[in-house]
Amino acid sequence: MSNTQEMTGDGTPAAELNISLEKVCFIIVKAREFDVKVDPVEPDPASNPADDGERGILEDYDDDPTQAELVGAITSLNEDEVVDLIALTWIGRGDYTAAEWAEARALAFERHRERSARYLIGIPTLGDFLEEGLAALGYSCEEFEVDRL
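Using numbering that gives the first Met the number 0, the letters of the sequence shown correspond one by one to residues 0 to 148.
Written as structure tokens, this is what we have:
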């Protein structure tokens with residue numbers, strides 16, 4: 000995560016989010032779990048996971064709940080929360096700066112449609128972009144990582 004954080008003069012983050020930090024951090028964790036998935040070596044291993052070195056955890060099987068959890072987390076958000084998530088992604092990707100938060104939100108709101116979850120999970124390294132976007136605005140997931148990682 001970047002150490003450059005946009006803060007106001009009183010030390011508060013530069014932008015007010017409509018989505019809770021806990022929700023964004025949860026989505027970051029789920030996005031990273033999803034990003035590491037690879038195509039299965041054996042489509043139907045029928046083996047004990049201990050026998051194969053637990054490789055199945057990183058393989059993307061049809062019944063794997065990782066994608067469903069990520070999609071569910073995104074689709075459960077209200078419109079303002081989804082707009083923030085998209086804008087955070089764009090800031091983290093470098094499309095906008097923290098100073099352009101309002102502009103990024105406005106465009107995300109304009110383009111936000113029912114397929115936002117599909118759009119977001121289709122972005123490689125979504126978790127990294129979200130984390131970088133948070134950092135640029137002066138936020139961090141550190142307090143949530145302690146409990147989860």
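Think of the CB as a built atom: it goes at the ideal place given N, C-alpha and C, for glycine as much as any other residue.
Using DSSP with H/G/I as helix, E/B as strand and the rest coil, what is L87? Within the sequence shown, residue 87 is the residue found at index 88, counting from 1. DSSP places L87 in helix when its eight states are reduced to three.
Counting beta carbon pairs with one atom in the stretch 22 to 36 and one in the stretch 94 to 114, are three or more of them shorter than 8 Å? In short, these stretches do not touch, since the Cβ pair count stays below three.
A116 and A103 closer than 9 Å at C-beta: For the purposes of this step, residue 116 is taken as the residue at position 117 of the sequence shown. For the purposes of this step, residue 103 is taken as the residue at position 104 of the sequence shown. Not in contact: A116 and A103 (Cβ atoms no closer than 9 Å).
Helix, strand or coil for I27, going by three-state DSSP, please let me know. Start at 1 with the first residue of the sequence shown, and residue 27 comes out as number 28. I27 falls in the helix class under three-state DSSP.
Does the distance from the CB of A107 to the CB of V82 come in under 9 Å? Locating residue 107 in the sequence shown gives position 108, counting from the first residue. Locating residue 82 in the sequence shown gives position 83, counting from the first residue. In contact: A107 and V82 (Cβ atoms closer than 9 Å).
In whole angstroms, give me the CA-to-CA distance for V28 and G126. The residue given as residue 28 occupies position 29 in the sequence shown. The residue given as residue 126 occupies position 127 in the sequence shown. Taking the Cα positions, V28 is about 7 Å away from G126.
Rounded to the nearest angstrom, what separates L136 and A14 at their Cα positions? As a working note, residue 136 is residue 137 in the sequence shown. As a working note, residue 14 is residue 15 in the sequence shown. Taking the straight line joining both Cα atoms gives about 6 Å.
For E131 versus C140, is the C-beta spacing smaller than 9 Å? As a first step, residue 131 is located in the sequence shown; it is residue number 132 there, counting from the start. As a first step, residue 140 is located in the sequence shown; it is residue number 141 there, counting from the start. Cβ atoms of E131 and C140: not closer than 9 Å.
Rounded to a whole number of angstroms, what is the C-alpha to C-alpha distance between L133 and L20? Residue numbering aside, residue 133 sits at position 134 when the sequence shown is read from its first letter. Residue numbering aside, residue 20 sits at position 21 when the sequence shown is read from its first letter. Whole-angstrom Cα-Cα distance: 9 Å.
What residues in its chain sit with their C-beta under 8 Å from that of I73, if we drop five residues either side in the sequence? Position 74 of the sequence shown, counted from the first residue, corresponds to residue 73. For I73, where only same-chain residues beyond five positions count, the Cβ hits under 8 Å are I26, V81, L84, S115, A116, L119, I120.
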